[in-house]
Amino acid sequence: MAFVFENAHPLEVLRWAGETFGDGLVVTASFGDPTLPHLVSQSIPWADVVMLDTGYLFAETEWYADHLAERFGVRVRSIHPRPDIERDVWQHDPDACCRARKVEPLERALAGAAAWVTGVRRSDGDTRRSTPVVHDDPERAVTKINPLATWDAARVADHIASNDLPLHPLADRGYGSIGCWPCTSPLAAGEVERAGRWRGSDKIECGLHLAATTGVPVTVTHS
């Protein structure tokens, strides 16, 4: 039958991804919440979940990733920056910091891969509102799969509550989108989830999700 990604549950999308790409599939998660790792454990439990360990993650994030790995039975594989990068470049050039600590490690994680699963959601912000569930990423020569693209914060919260999943330790301290500690701050009342990232600057993306997209939406034959 016709499988329209736009209408599919994330579990269906992930199962399709596993069946289609097998060992050529790379899953990345920021471990800001449990949603994607939990869904992976329910659909493609054999897949590693890659964490880009920038060297500036909150200690709570590293603990949380270990906790979720143990609870869900998934394997978390950390990718680290190269050792020769400038340590404090974030203080004067956050774009260069993101390139060295996120973008370049991602390129290594995706080397030889056919497809890449992310936790990107349209509700994350204006730069992501047109995110397809599945599309071509010609810059990285992979099929990019965003199974949570259609979910908003309320749908994520419902999934977490319905499955009694643990929250990130910083969630109850006012943090929304949780990245590196130098560039992440708690939210004020009424702010959107990513408002605490790179506060006080024009920067709104780290560079992982800026590649051009094609094929919106995608429909395939699925049995």
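Just so we're aligned: the sequence shown equals residues 39 to 261 in this note's numbering. Each residue gets a CB set at the ideal place from its N, CA and C atoms; glycine is no exception.
Pairwise C-alpha distance: residue j and residue i
i: residue 169; j: residue 187; result: 6 angstroms
i: residue 182; j: residue 58; result: 13 angstroms
i: residue 209; j: residue 96; result: 12 angstroms
i: residue 71; j: residue 148; result: 23 angstroms
i: residue 93; j: residue 132; result: 14 angstroms
i: residue 137; j: residue 192; result: 31 angstroms
i: residue 44; j: residue 185; result: 9 angstroms
i: residue 243; j: residue 108; result: 30 angstroms
i: residue 61; j: residue 50; result: 18 angstroms
i: residue 259; j: residue 195; result: Because residue 259 sits at a pLDDT of 43, beneath the cut-off of 50, its placement in the model cannot be relied upon, and the following sentence gives the value as read from the coordinates. Going by the C-alpha atoms only, they are around 31 angstroms apart.
i: residue 156; j: residue 235; result: 18 angstroms
i: residue 123; j: residue 221; result: 18 angstroms
i: residue 84; j: residue 106; result: 15 angstroms
i: residue 100; j: residue 140; result: 16 angstroms
i: residue 48; j: residue 130; result: 39 angstroms
i: residue 231; j: residue 245; result: 18 angstroms
Cutoff 8 angstroms; reference residue i; Cβ partners in own chain excluding five residues on either side
i: residue 211; result: 224
i: residue 253; result: Low confidence applies to residue 253: its pLDDT is 41, below 50, so where it sits in the model is not reliable, and the reading given next is rough at best. Here the set comprises 170, 172, 173, 174.
Closest residue to residue i among the options (Cα-Cα distance)
i: residue 86; options: 78, 92, 44; result: 78
i: residue 247; options: 84, 99, 175, 111; result: 175
i: residue 228; options: 134, 52, 214, 44; result: 214
i: residue 142; options: 161, 120, 151, 230; result: 120
i: residue 201; options: 75, 230, 130, 232; result: 75
i: residue 206; options: 233, 98, 112; result: 98
Sequence-distant residues of its chain with Cβ nearer than 6 angstroms to residue i (five each side left out)
i: residue 189; result: 159
i: residue 103; result: 69, 89, 114
i: residue 135; result: 127, 128
i: residue 53; result: 81
i: residue 167; result: 160
Where residue i falls, given that 16 or more other Cβ within 10 Å makes a residue buried
i: residue 239; result: exposed
i: residue 116; result: exposed
i: residue 164; result: exposed
i: residue 145; result: exposed
i: residue 55; result: buried
i: residue 226; result: exposed
i: residue 118; result: exposed
i: residue 162; result: buried
i: residue 65; result: buried
Own chain partners of residue i with C-beta closer than 7 angstroms, once the 5 adjacent residues on each side are dropped
i: residue 197; result: 73
i: residue 218; result: 92, 94, 95
i: residue 180; result: 148, 151, 152, 153, 154
i: residue 110; result: 75, 76, 79
i: residue 67; result: 74, 75, 87, 89, 157
i: residue 203; result: 72, 76
- [ ] Could you tell me which uninterrupted alpha helix (DSSP H) segments, each at least 4 residues in length, are contained entirely in the stretch 177–226, listed from first to last along the chain?
- [x] 191–200
Open item on the list: In chain order, what are the residue ranges of uninterrupted beta strand (DSSP E) at least 3 long that sit wholly in the stretch 105–180?
Closed with: 114–117, 153–155, 172–175
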